[in-house]
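Structure first, then comments.
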Amino acid sequence: MDSIGFVPARETRATLMYLICLLVSLASLLVYCPECYAFEVSFETLVLPNAVLVILLAELFIICGLYGTRRFFSNVSTMTMGKVSSRRTDVEGIDKFINVATLLLWKAVIPVALLVCSYNILPLIEWWVSW
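Going letter by letter, the sequence shown gives residues -7 to 123 in my numbering.
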């Protein structure tokens, strides 16, 4: 992996670690500012929910798009049921139902629910900004 330049060198990782620690320690000083409570509440109500929605949607699309839903569900069913289930083997009725339900959740229900949540949070953000 190092040969393609994807993983940074040891010195770069150490520098990045020190930089992250410095930024976290500087961010902790925000607790002592005069308006820190309003800042923290606005951060928790405005920034974090949107960031979580973006991260979840990105995870969902990356897993389903790049990794492949069939491979992902095969891995999940192997982890949960302890056996490999594929199209060529005979799958019991309950196992087939679990596979179909998981496929439906990952391809339809979860993206729609995340998009509805992100749409419903917009009035809250507009109310908070106008306040």
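Note that the Cβ used here is the ideal one computed from N, Cα and C, for glycine as well. The model shown is predicted, which means the values in this text are computed figures rather than measured ones.
Query                                                                                                                                                                              : Result
My output table needs one value for Pro103: the three-state DSSP class, helix, strand or coil.                                                                                     : helix
Of the residues Leu97, Ser69, Ala100, Glu36, which one's Cα is nearest the Cα of Ile86?                                                                                            : Ser69
Tell me whether the region 95 to 105 and the region 19 to 39 touch, counting them as touching only if at least three CB pairs, one residue from each stretch, are closer than 8 Å. : no
Please report the distance separating the alpha-carbon of Leu97 from that of Tyr111.                                                                                               : 19 Å
Roughly how many angstroms separate the alpha carbons of Ala93 and Leu48, rounded to a whole number?                                                                               : 19 Å
Can you tell which of Phe31, Phe53, Leu95, Tyr10 has its C-alpha closest to the C-alpha of Asn67?                                                                                  : Leu95
With respect to the alpha helix (DSSP H) encompassing Tyr59, which residues constitute its N-terminal and C-terminal limits?                                                       : Counting along the chain, Tyr59 falls outside any alpha helix (DSSP H), and DSSP gives it neither H nor E.
I'd like to know whether the C-beta atoms of Ile55 and Phe65 end up nearer to each other than 8 Å.                                                                                 : no
Under DSSP, the alpha helix (DSSP H) around Glu130 begins and ends at which residues?                                                                                              : Given that the chain is displayed from residue -7 to residue 123, the structure contains no residue 130 and the question cannot be resolved.
In terms of residues, what are the limits of the alpha helix (DSSP H) holding Ala93?                                                                                               : 85 to 96
Pop quiz: Ile113 and Pro41 are said to be a contact at Cβ under 8 Å. What is the actual Cβ separation, rounded to whole angstroms?                                                 : 6 Å
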